[in-house]
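Structure first, then comments.
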Amino acid sequence: GAVVSQHPSRVICKSGTSVKIECRSLDFQATTMFWYRQFPKKSLMLMATSNEGSKATYEQGVEKDKFLINHASLTLSTLTVTSAHPEDSSFYICSARDQGGTEAFFGQGTRLTVV
Amino acid sequence: EDQVTQSPEALRLQEGESSSLNCSYTVSGLRGLFWYRQDPGKGPEFLFTLYSAGEEKEKERLKATLTKKESFLHITAPKPEDSATYLCAVQPSTNNDMRFGAGTRLTVKP
Chain A
1014 GAVVSQHPSR VICKSGTSVK IECRSLDFQA TTMFWYRQFP KKSLMLMATS NEGSKATYEQ
1074 GVEKDKFLIN HASLTLSTLT VTSAHPEDSS FYICSARDQG GTEAFFGQGT RLTVV
Chain B
-17 EDQVTQSPEA LRLQEGESSS LNCSYTVSGL RGLFWYRQDP GKGPEFLFTL YSAGEEKEKE
43 RLKATLTKKE SFLHITAPKP EDSATYLCAV QPSTNNDMRF GAGTRLTVKP
């Protein structure tokens, strides 16, 4: 299957700072990327869908100004958690789909801890 | 509203004890149904895509089937290394999203 690389795998930051998470498709062009959040022993909650070159579509209840998503190229999307607070601590996962494809391939996930 | 329900929530099997996981769905036109495996602290690993009722796919000890209302993931003679959370997701024909079920946590004891 296709390879999606997510970085960093773990990050600890202080409350009030911002954190950027990168998601790269290594061997295909990802026209669509998805960002999920996952709580312990729970399923994936879709936060937003981003299409290359256009604004992301956020799910209801997800703050656009807090979770900034950029999909500037066909191989890279970034999620920036701005002014992070302890309640933002979670496991964030990205996935990517290429043009015309139906399968989505996932990154390794990022464990964010805000202290 | 599109919904995906997986059962059971958790399943404990002895090595070699075959069983099935269920994924029931309601969706406004199905573009695809997906099965993933997720190990703790990792991202989901793609297993299968099913597109239409009656379709079946196999990979090693796993076999996925699809009807108009549900999908089953059959595990034949499981091994401890099959222990993981198995996630089901659907993509409706009306949009680009994937909606996930809550998953089934499978534990296979030696």
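Protein chains in written order, with this note's numbering: chain A, 1014 to 1128; chain B, -17 to 92.
Each residue gets a CB set at the ideal place from its N, CA and C atoms; glycine is no exception.
Since we're looking at a predicted model, the values are computed, not measured.
The C-beta separation of L32 (chain B) from G14 (chain B) comes to about 7 Å, placing the pair in contact by the 8 Å criterion. DSSP places E1100 (chain A) within a helical segment (H, G or I) once states are collapsed to three. Shown in chain order are the members of the stretch 1104 to 1120 of chain A whose Cβ falls below 7 Å from a Cβ of chain B: I1106, T1115, E1116, A1117, F1118, F1119 and G1120. In this chain, the beta strand (DSSP E) harbouring G14 (chain B) covers L12 to Q20.
Of the residues A:Q1112, A:V1075, A:A1117 and A:E1116, the one whose Cα lies closest to the Cα of R1050 (chain A) is A:V1075. Bridge pairing for N1083 (chain A): A:T1091 [DSSP]. Y1071 (chain A) has its alpha-carbon roughly 11 Å from the corresponding atom of D79 (chain B). Chain-order list of chain B residues neighbouring G1074 (chain A): empty, with the shortest C-beta distance near 15 Å, by a criterion of under 9 Å. One alpha carbon belongs to Y1105 (chain A), the other to T1062 (chain A), and they sit about 14 Å apart.
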